[in-house]
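Residue numbering for the sequence shown follows our numbering, starting at 30 and increasing by one per position.
All C-beta atoms in this analysis are idealised placements derived from N, C-alpha and C, irrespective of residue type, glycine included.
In what follows, a single structure is set out as structure tokens and then discussed.
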Amino acid sequence: MVMLLSRISKGTVMDQIYVPKIRAPGFERGVTVAITPLQSKAITEIYRHHVQYLEPIKKIIVDEIFSYFEHVDNVLVAGSFLEEGFEFEDIDTVVLTEKSIDNAAIKTHFKAALGIDIHIICLPLKELLRGIDSDPLFQMLLSRFVAKKRLLVPKDRAIKYKLLDLQLLESKTLIDGFDFLNGREKYKLTRNAVAIASFLNNKPLNASSVDNEIEHYFGEMSVISIKENIIGAEFLLKYKIFHKKLLKRILEGVKNEPK
């Protein structure tokens with residue numbers, strides 16, 4: 030039996046399926062056809078790093094991503110996508126390759142194919158391994174991931190104060206634009222600053238541990254309050270004090286860092 034493979038696309042009035050104009054006999058215009066869903070090819074082997082459970086629909090999405098990046102060294106899916114539920118805004122995808130990729134075309138493809146935004150970080154494996162020990166935000170991102178191939182993440186930490194200074198600069202946006210940011214933006218900036226502090230204090234770097242540190246610094250239930258944007262002057266004052274102390278510590282490190 031002859032088959033054609035296609036995807037359901039979003040239409041103005043009705044969703045639709047496109048077939049090529051040059052196609053096998055039996056698919057002429059006006060012919061009645063049966064449409065059945067094609068099950069995504071099962072992932073026979075997948076490397077999981079601190080990921081115990083993944084919803085079936087997310088497994089299909091991961092399979093689509095891994096299949097698309099067939100000719101690269103390795104692909105990792107990480108971030109909030111791996112947390113239970115469907116509250117993620119995009120899918121953090123780390124593509125390990127020496128070759129350049131068309132970031133915009135890839136984003137367009139997955140938006141059209143799956144209706145999902147994808148955030149891509151592309152770099153060679155050696156650069157990943159060289160940088161992960163000194164980048165707390167990247168270390169936190171890769172605290173949980175699934176990958177096409179086995180990947181061992183280094184556990185050592187190398188403090189580079191100039192890098193931390195640049196990363197903390199972004200979190201100052203919370204102070205400067207407090208009245209204009211939404212809850213998710215405020216949470217992300219707070220989380221990044223607290224992750225940097227945890228890195229300096231040699232504490233675990235993962236979503237739950239950093240959330241616990243946020244509540245340690247800013248009070249019980251502060252994570253929910255920040256996300257729902259029901260924080261005010263009291264939180265902002267605490268954050269200013271926290272940020273000032275952290276910045277002072279980092280600048281002292283920059284001053285004493287070997288040239």
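Asked	Found
Cβ-Cβ distance between VAL182 and VAL106 below 8 Å	no
Three-state class that DSSP yields for ASP121 in the structure shown	strand
Reduced DSSP category for ALA107 - H, G, I as helix; E, B as strand; rest coil	strand
Start-to-end residues for the beta strand (DSSP E) that takes in VAL175	174-176
Identity of the residues DSSP links to ILE150 by a beta bridge	VAL123
Close-in-space but distant-in-sequence residues of the same chain around ILE260 (CB under 6 Å, 5 per side omitted)	SER254
Inter-residue Cα distance where the pair is LYS269 and ALA226	14 Å
Contacting residues, own chain, Cβ-Cβ under 6 Å from VAL101 (five flanking each side not counted)	VAL124 and THR126
Alpha-carbon to alpha-carbon, ASN132 and GLU149	Residue 149 is actually Ile in this sequence, not Glu. Distance between the alpha carbons of ILE149 and ASN132 is about 7 Å.
Straight-line gap, GLU113 to LEU83 (C-alpha atoms, nearest Å)	7 Å
Cα-Cα separation between SER172 and GLN45, rounded to whole angstroms	40 Å
Buried or exposed (CB count within 10 angstroms, at least 16 for buried), ASP185	exposed
Counterpart residues of ILE46 in DSSP-defined beta bridges	ILE37
Alpha carbon of MET30 to alpha carbon of ILE64, nearest angstrom	Unreliable placement is indicated for MET30, whose pLDDT of 43 sits below 50; no coordinate value is reported for it.
First through last residue of the beta strand (DSSP E) which encompasses TYR76	76-78
Three-state class that DSSP yields for ALA187 in the structure shown	coil
Residue burial classification, MET169 (beta-carbon count within 10 angstroms, cutoff 16)	buried
Straight-line gap, SER116 to LYS155 (C-alpha atoms, nearest Å)	According to the sequence provided, residue 116 is Glu. The question's Ser does not apply to it. Their Cα atoms are separated by approximately 32 Å.
Top-ranked residue by Cα proximity to HIS147, from LYS177, ASN231, VAL104 and PRO165	The amino acid occupying residue 147 in the given sequence is Ile; His does not appear at that position. Answer by Cα proximity: VAL104.
Spatial distance of SER238 from TYR246 (CA atoms)	13 Å
Nearest candidate by alpha-carbon position, reference PRO287, set LEU143, ILE188 and LYS178	ILE188
Helix, strand or coil at PHE85 according to DSSP, with G and I counted as helix	The displayed chain sequence assigns Pro, not Phe, to residue 85. Looking at PRO85 - three-state DSSP - the assignment turns out to be helix.
Reference GLU74; option with closest CA among GLY144, VAL62 and PHE95	PHE95
Simplified DSSP assignment, three categories, for PRO165	helix
Residue closest to HIS138, alpha-carbon to alpha-carbon, out of GLN196, PHE228, LYS178 and TYR97	TYR97
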